[in-house]
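Here is the structure we will look at.
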Amino acid sequence: MSEATTQNKEYSVIGRSFPKVDARDKATGRARYTGDIKVPNMLYGKILRSPHAHARILKIDTSMAEALPGVKAVITAKDVPSTMYGISPARYDETIFAIEKVLYVGDKVAAVAAVDDETATKALSLIDVEYEVLPPVLDPLRAMDDDQPQLHPQYPRNISVEIHQNFGDVDKALAEAYHVRTDTFSGTRTSHVPMEPHAAISKWEDGKLTISCSTQSPHYFQYHIARVFGLKMGDVRVMKTFVGGGFGGKLEASGAEYVSAALAMKTGRPVKIVFDRWEVFTHHRGRHPQHITLTTGVTKEGKIVGCHARFIIDGGAYTSLGIASAYYAGAMIPLIYMFDDYRFDGFRVHTNLPSCGAQRGHGAPQPRFAFESQLDMIAKDLGMDPIEIRRLNARKPNTMTPNEFQVNSCAFTEALDKARNISGWDEKKGKLSSDKGIGIGCGGFISGNGYAIYRTRLPHSGAVIKVSEQGDIATLYTGAVDIGQGSDTVLAQMAAEAIGINYEDIKLVTADTETTPHDFGAYASRQTLMSGWAVKQAGEEIRKQVLELAAEMLEANVEDVDIDRRVIYVKGSPDKVLPFERVANEFFIMRGPLVGRGKYAPPKLGGKFKGAPVGTSPAYSFAAQVSQVEVDEETGQVMVTDVWDVHDCGQVINPMLLHAQVEGALFMGMGEAMYEAMVFDANGKPLNANLGEYRIPTALDVPHVVSDLVDSYEPAGPFGVKEVGEGATLPTMGSYANAIYDAIGVRIYDMPLTPEKVWRAIQERKRM
Amino acid sequence: MIVPQFEYLVPQSLQEACALLGQHGSKAKVLSGGSDLIVKMKNGLAKPDYLVSLKNLDELKGVRYEAGTGVIIGSRTTHNQVIANPILREKYPSVCAAAATMAAYQIRNIGTIGGNLVNAVPSADMPPILIALGAQARIVGTAGERVVRVEDFFLGPGRTVLGQDEILAELVIPDQATTGSNYVKFGLRRAGALAVVGVASSVTMAGDVAKDVRIILGAVAPIPMVAREAENVLRGKKVSDDLIQHAGKVAAVESKPINDIRGSAEYRRNLVDVLTRRSLKAAIEKGHV
Amino acid sequence: MVTEAKTSVKRHIVTLTVNGDEHVALVKANTTLLDLLREEFDYTGTKKGCELGDCGACTVMLDGEPVNSCLILAVEADGHSVTTIEGLDQNGKLDPVQEAFVNHGAIQCGYCSPGMILSGRALLNRNPHPTEREVREAIAGNLCRCTGYVRIVEAILAAADANS
């Protein structure tokens, strides 16, 4: 480990595995999620969804539904604003209800508010919609063809976004390379599957809208909902309840919010909408299926000299966050290995299928699978060990990627070495029995996005800490959003550390646009670093104020006074101490509220080319993952028995929560690698929009996991932190595919690695 | 999701239940565990006007042994009760093991062995092993009782020989000379997955000669399918690896799988081959029933 | 017992013992046990995840055995005893399984936790010293999307150790 990346500092609160602040509430059933909440006079809303993938709406007759006793409102597009929304400002293309055409099975057509769920459900069946069914676009590889129907008039040839980025001279690099490979890979449409479905309760009182919901970003919800309904942002309050998982799927407001708000405005009563599981799947906004062609050249020694990546990405019906996803797909390729010449050409296309957006790892996991697979093939062509070729090309600290991402700390090489070590790679590689194999895959990810999703000068995070008048507790007000990952706990630890008090002293008020300072929310692995900076700054402001007063009270120089876990002391004078509460109490008496404020805005990051902001970040994580598999050659069934993940995530705030993030992230990678894919019939109807046929792994399916770390300190992160929540999703698919190759000599180019696919590849190998 | 409305009927006797079913005909359905029926109703795939609950019919619960008849399993016995039952564990552990391949623990506390048959889903896990063991279904109706081989119980997906006033009361596994049996299932997940293919076999070995062989295939035909040709490969023969290999191939050929989202017909045929071999080997070698 | 309500839909009186307390409700026959617990009795610790018996978030103990309350009609549970997550801690003292979930980091979003904890509790009731495999079998019907099950399995095994 180099000295530049190491910071030896003793901490009192961070670095320790405190249980999550909300764990007891969740373990006892006291935690109330949106669907658990009832408010007086509340109505139940339900959304009528399109049964067709592509159809013109000719007529909607709501009279029978309106006549049903218990029904309080039936609304369609004519009753609500027609303002287009989305989350990528470049492409607002969705409306509360479909106006002229429906674009996927599940598109929103009408809605009902009624006295109970059953009445609302019955009313939906009484709405008569006449459709003219249109031919759907279902194949993303054909979506741009001239003979294909058009989804949106504003997107000719169904092209959602077209990207061309070129760095250095790829053609020359490939022409001069010792060895060049071109391979094509594809990923699938996996979905987030939060265990809690999307849900919202809207209230409309005195011209003000209050929405309690399951959200990853109260701020973006507030911004877009205010915009669509033509309200001042201050008249829209968005409050997070407990959230039962997000993984990217609850970053943008859904029909649950927009429609419940519209129904609340119409009826004057609170309206609750909770999606059923079919709605969660068809609303989707999850992984884009990508078709990826990589051409990569290397020197004789295995040094990568250039790469040309080409993508066709299935975006589904609407844009959602898909512009960013498409840019991420290519932008993250040159992050973890060092080469200068890189070209990236991509098309995101529209199909009449559920809209894709951001899911853990955003656009990056499938391209990473492609690259990690191809790198193993290149290593084999050259007769190199897969870890050796990665070590040779591994990014070094304080370097810049060809697309101008500045990497500060980077312990990728150390991660590779440790993964090799703890997995027993050298004893296993090429030495396991014929049905077993071992493989490596790597990844790297942003620690927060350099730019907000819409253009704004707002800082990315703000925090306020207020110490109680007695000085016994401190309340942290943060807009950061705990969706289960544990940000409340981590930020409370950082606040306590920064002030110099105990973890137990911190109380939290979070994720409410009216009472907490602005924060963009839980996405892009941003909160530990960005919200963390704001919290640290707020804490340090309190520490400074307290120490200044304490210095006066102790008649000491302020530079000589310090605090540790509530004890304020004069360095070198063990008898000169004051308890924190006494100074804080005195502060309030003399000067008023003891408050600390903090904000964080990233520095100006990235290049000047089109799309340069996507992928910029103050810091990047790196990870190496080794997997061991057993393959049943007769059935094609693969059992992953062991995974070793080594993460470079900077300073650790809470080891228990950190490893839990790694375990969860690679579990999601495992689902995408082995089990998960949304499938549709020839008319675009989903065939497995339920948890019986869309199979996420059970406790019996998961491997034994070892999560380990390398020492690392990130100068751009508060206390030296960087991300962990998404990065461990990236290496998994590649490491499994490479392990399967090691076991049985077959290469699978498309996800997921189902038994049938592996079996077919084995048959193919036998024929050759 | 809403269960469509229905009238709830709770007979106090089997006769009353049959009478209610006869009275309401196709508008009525039997509610036993409900783990399939309630799902179908929520999905709008079943809309009965009447549900006839068997909840008070305790005589349909439990497992007993009657000398001369065999092991009798009440149709309302849950999968977990089947798995844990000492009589079954001793005499037919393969039946317990088959039940343990189903769904997950909570569902196995709800779903019943009778329901698994009456639902007549092609991928159901209990029919193959019950057929392999020559089990019979005792059916009670308003006109009295009749006995049908489980092998003859199914007519097609979702269809059985049960008349509108009839209830599957008990399953009987007759005493037999079988020396080994088992059920091998291939699902796409280790729990909560339907069978892509399931194969049950039973053998009666005399030395290394297979005096009798049953091979039953699940999820590869509209109803559980007896692999007669494959049985004939082994029946009366001295078993060998080659013969077992051949039986697998023959079973694959005679199976009638379809393509669906869980697997192609071609892949399913391969699984029939592999699972048939594995099932036979285990039945022959391991010896337990 | 059946009674005729004001509307044409028949209501049934259902008596349930929930967490040791007797509850009586007038329900339509199509009401699930899950909806009765959540909507009528306010035991919202029992979660709604898929409503089709696939996810286990709605797990409760019915006469001591874990079941998916989304697949059981309330009328069918009449006269029986139900334990929900709210019934596990006693006088503010957590059940050892709850305690272990908290201390081992087995809880992230928490949505699967009530069902998961009840499955774990039920397992330890019938098998106080399970193997890791038995723990995995027992919770295979409880889907979790956050944890990869690593710490959940660890927590249940730790609670079993605490038993001895």
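Residue numbers (my numbering), protein chains in the order written: chain X, -17 to 750; chain E, 12 to 300; chain C, 37 to 200. Note that CB positions come from ideal geometry on N, CA and C, so glycine has one too.
Just to confirm my understanding: we take residue i, look at its own chain, exclude 5 residues before and 5 after, and list those with CB closer than 7 Å. What are they?
i: V244/E; result: L254, H257, A258, V261
i: I49/E; result: V14
i: E612/X; result: D417, K418, M621, T623
i: N104/C; result: G89, G92, C94, T95
i: L179/C; result: C91, G92, C148
DSSP three-state call for residue i: helix, strand or coil?
i: I98/E; result: helix
i: G312/X; result: helix
i: V611/X; result: strand
i: D422/X; result: First, the amino acid is wrong: residue 422/X is Ile here, not Asp. In this structure, I422/X counts as strand in the three-state DSSP scheme.
i: D99/X; result: helix
i: M638/X; result: helix
i: N665/X; result: coil
i: G752/X; result: Residue 752/X lies beyond the range of chain X shown here (-17 to 750); nothing can be said about it.
i: C107/E; result: helix
i: S196/X; result: coil
i: R163/X; result: strand
i: K2/X; result: coil
i: G125/E; result: helix
i: Y147/C; result: coil
i: E338/X; result: It is Cys, not Glu, that sits at residue 338/X in the sequence shown. In the structure shown, C338/X sits in coil (DSSP, three-state: anything other than H, G, I, E or B).
Out of curiosity, what's the CA-to-CA distance linking residue i and residue j?
i: Y205/X; j: K232/X; result: 15 Å
i: T190/E; j: R289/E; result: 16 Å
i: A80/X; j: A59/X; result: 7 Å
i: Q26/E; j: V620/X; result: 51 Å
i: G226/X; j: S469/X; result: 14 Å
i: S149/C; j: G230/X; result: 21 Å
i: G145/E; j: S43/E; result: 24 Å
i: M382/X; j: G430/X; result: 17 Å
i: L25/X; j: A346/X; result: 41 Å
i: S307/X; j: I121/E; result: 44 Å
i: I255/X; j: E234/X; result: 16 Å
i: D614/X; j: D98/X; result: 51 Å
i: K68/C; j: T82/C; result: Residue 68/C is actually Thr in this sequence, not Lys. Approximately 12 Å between the Cα atoms of the pair.
Going by beta carbon distance, what residues of the same chain come within less than 8 Å of residue i, once the five residues before and after it are set aside?
i: D284/E; result: G259, K260, A262, A263
i: Y116/E; result: N91
i: G150/X; result: G288, D322, D323, Y324, P384
Run down chain X in chain order and give the residues with a C-beta less than 8 Å from the C-beta of residue i.
i: A113/C; result: Correct list: empty, because the minimum Cβ distance to chain X is about 19 Å.
Would you mind telling me which residues of chain C sit closer than 7 Å to residue i, beta carbon to beta carbon, in chain order?
i: M137/E; result: Residues of chain C passing the Cβ test: none, with the nearest at roughly 18 Å.
Is there at least one non-hydrogen atom of the ligand GTP closer than 8 Å to the beta-carbon of residue i?
i: E496/X; result: The ligand GTP is not among the ligands present in this structure, which contains no ligands whatsoever.
Using a C-beta to C-beta distance shorter than 8 Å, which residues of chain E count as neighbours of residue i?
i: V45/C; result: Q16
i: D90/C; result: G203
i: T68/C; result: V14, I49
Which residues in chain X sit within 7 Å of residue i, going by Cβ to Cβ distance?
i: S149/C; result: K8, A9
i: V195/E; result: Per Cβ cutoff of 7 Å: no residues; V195/E is ~11 Å from chain X at best.
i: D57/C; result: Simply none; closest approach about 15 Å.
Can you give me the Cβ contacts of residue i inside the same chain, cut-off strictly under 6 Å, excluding the 5 residues immediately before and after it?
i: Y676/X; result: N670
i: V21/X; result: P252
i: I465/X; result: Q198, V225, G228, A504
i: G425/X; result: R350, A605, G709, L712, P713
i: Q147/E; result: V158, R160, V183
i: A41/C; result: Here the model assigns A41/C a pLDDT of 40, short of 50, so the residue's position is not dependable, and the following value carries that caveat. Around A41/C: R47.
State the CB to CB distance for the pair residue i and residue j, rounded to an integer number of angstroms; the pair is presumed to be in contact (CB under 8 Å).
i: I483/X; j: R548/X; result: 5 Å
i: V50/C; j: V118/C; result: Not a contact, Cβ separation roughly 11 Å.
Could you name the residues of chain E that residue i contacts, counting a contact when the two beta carbons are closer than 7 Å?
i: D99/X; result: I13
So which residues on chain X does residue i lean against when the C-beta distance must stay under 9 Å?
i: T183/C; result: A642, E645, G646, F649
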